[in-house]
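Colleague: Residues in the sequence shown are numbered from 6 upward in steps of one, following our numbering.
Just so you know, even glycine gets a beta-carbon here, dropped at the ideal spot from N, CA and C.
All values derive from a computational prediction rather than experimental measurement.
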Amino acid sequence: MIIFGTRAKILNSKEMLSYDCENCNSKGTVTFLFLARYFHIFWIPIFPTSKKGMSQCSHCKQILYANEMSPKMKQDYFMASAKAKRPITHYFGLFVIGLLCCMIIFTIYQNSVNETEYLANPKVDDLYKIEKNDTYTLYKVYEVKGDTLIFKTHSMSTKKYSGLSDLLKKYKNDYADATIKFTKDQIKSMQHDTNSKFGKIYSIKRD
Numbered sequence: 006m007i008i009f010g011t012r013a014k015i016l017n018s019k020e021m022l023s024y025d026c027e028n029c030n031s032k033g034t035v036t037f038l039f040l041a042r043y044f045h046i047f048w049i050p051i052f053p054t055s056k057k058g059m060s061q062c063s064h065c066k067q068i069l070y071a072n073e074m075s076p077k078m079k080q081d082y083f084m085a086s087a088k089a090k091r092p093i094t095h096y097f098g099l100f101v102i103g104l105l106c107c108m109i110i111f112t113i114y115q116n117s118v119n120e121t122e123y124l125a126n127p128k129v130d131d132l133y134k135i136e137k138n139d140t141y142t143l144y145k146v147y148e149v150k151g152d153t154l155i156f157k158t159h160s161m162s163t164k165k166y167s168g169l170s171d172l173l174k175k176y177k178n179d180y181a182d183a184t185i186k187f188t189k190d191q192i193k194s195m196q197h198d199t200n201s202k203f204g205k206i207y208s209i210k211r212d
């Protein structure tokens, strides 16, 4: 069960101004109060939602919002509101999401750099994830002869790309004895041309 929702935190104002209450005539009992709301998951702040302020009399508990305040009090209210900053922890979720996005972008970039290197300098046991005729399978480099790569193909295929993970886990060594050959130019076409008759390379893995 995922617990989520919104919570509020009272913000501390750097300037504690006080006013006389026009409702109960108490002296210096009215101060500003600011509430910052945020969305949370399991009580961990994810992102800020709203900020609300008011004045309250500590004696009669009367609450006034900005549109109900006197002009002078309203001016002071907006100045105090600008100085009542929400804590940076309210942005914790956004920070984590931003960090994850950066990590994903870096991983994609690094994989692209690695695959360019793997194509330029192939090695035995490099693993290619291939899509051909709407099915997915694995090719493993068996031998490299000049500009020709010799592969052993996996004995199984799957209708979904995600199914390749199962092949790697459960049937890691189930490769056919027969081999197929591709030139490096053909391999490049499989990487860049989605309509290549040889199939499409989705990724290359090297242990």
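Please determine, among N178, S167, G151, G168, the residue with the shortest C-alpha to C-alpha distance to T158.
Modeller: Residue mapping note: residue 158 aligns to position 153 of the sequence shown, counting from 1. Considering only alpha carbons, the answer is N178.
Colleague: Please determine, among L124, S75, P50, the residue with the shortest C-alpha to C-alpha distance to V101.
Modeller: Residue numbering aside, residue 101 sits at position 96 when the sequence shown is read from its first letter. It is P50.
Colleague: Can you have a look at K57 and say buried or exposed, based on whether 16 or more other CB atoms are within 10 angstroms of its CB?
Modeller: In the sequence shown, residue 57 corresponds to position 52, counting from 1. Exposed, since its Cβ has fewer than 16 Cβ neighbours within 10 Å.
Colleague: For H64, report the span of its alpha helix (DSSP H) as first-last.
Modeller: As a position in the sequence shown, residue 64 is number 59, starting the count at 1. Note, H64: premise wrong, no alpha helix (DSSP H); not H, not E.
Colleague: Per DSSP, what kind of secondary structure is F47 in: helix, strand or coil?
Modeller: If you number the sequence shown from 1, residue 47 lands on position 42. Residue state, collapsed to three classes: coil.
Colleague: Figure out for me which residue from R211, Q196, D212 has the closest Cα to the Cα of K205.
Modeller: As a first step, residue 205 is located in the sequence shown; it is residue number 200 there, counting from the start. Nearest C-alpha to K205: Q196.
Colleague: Would you check if the segment 9–27 and the segment 103–119 touch, i.e. whether three or more CB-CB distances between them fall below 8 Å?
Modeller: Contact fails: fewer than three Cβ-Cβ distances are below 8 Å.
Colleague: Closer than 8 Å is the cut-off here; do at least three beta carbon pairs connect the segment 110–118 with the segment 152–169?
Modeller: Touching, no.
Colleague: Of all the options F52, M6, Y43, S75, which has the alpha carbon lying nearest to the alpha carbon of V35?
Modeller: Working through the sequence shown from its first residue, we reach residue 35 at position 30. Of F52, M6, Y43, S75, the residue nearest in Cα terms is S75.
Colleague: With distances taken between CB atoms, is the gap from I7 to F52 smaller than 9 Å?
Modeller: If you number the sequence shown from 1, residue 7 lands on position 2. If you number the sequence shown from 1, residue 52 lands on position 47. Result no, Cβ atoms of I7 and F52 do not sit closer than 9 Å.
Colleague: Near S60, what residues of its chain come up, given a Cβ to Cβ distance below 6 Å and the 5 sequence neighbours on each side ignored?
Modeller: Locating residue 60 in the sequence shown gives position 55, where the first residue counts as 1. Closer than 6 Å at the Cβ level, and outside the excluded window around S60, lie V35, F37, L69.
Colleague: Which partner residues does H159 have in the DSSP bridge list?
Modeller: What you label residue 159 is simply residue 154 of the sequence shown in a count that begins at 1. Answer is Y180.
Colleague: Should the segment 131–143 be called in touch with the segment 168–175, which here means at least 3 C-beta pairs below 8 Å?
Modeller: Yes, since at least three Cβ pairs between the segment 131–143 and the segment 168–175 fall closer than 8 Å, the two stretches touch.
Colleague: For chain D, check one thing: does any of its Cβ atoms lie closer than 9 Å to the Cβ of Y82?
Modeller: Going by chain labels, chain D is absent from the structure shown, which holds only one protein chain.
Colleague: Take A41 as the anchor and find which of Q67, N72, H95 has the nearest alpha-carbon.
Modeller: Translated into the one-based positions of the sequence shown, residue 41 becomes position 36. Residue H95 is the option with its Cα nearest to A41.
Colleague: Using 8 Å for Cβ pairs, my map puts K79 next to A87. What's the rounded Cβ distance?
Modeller: The residue given as residue 79 occupies position 74 in the sequence shown. The residue given as residue 87 occupies position 82 in the sequence shown. Not a contact, Cβ separation roughly 13 Å.
Colleague: In this structure, what does DSSP give as the bridge partners for P53?
Modeller: As a working note, residue 53 is residue 48 in the sequence shown. The partner list for P53 (beta bridge, DSSP) reads Y43.
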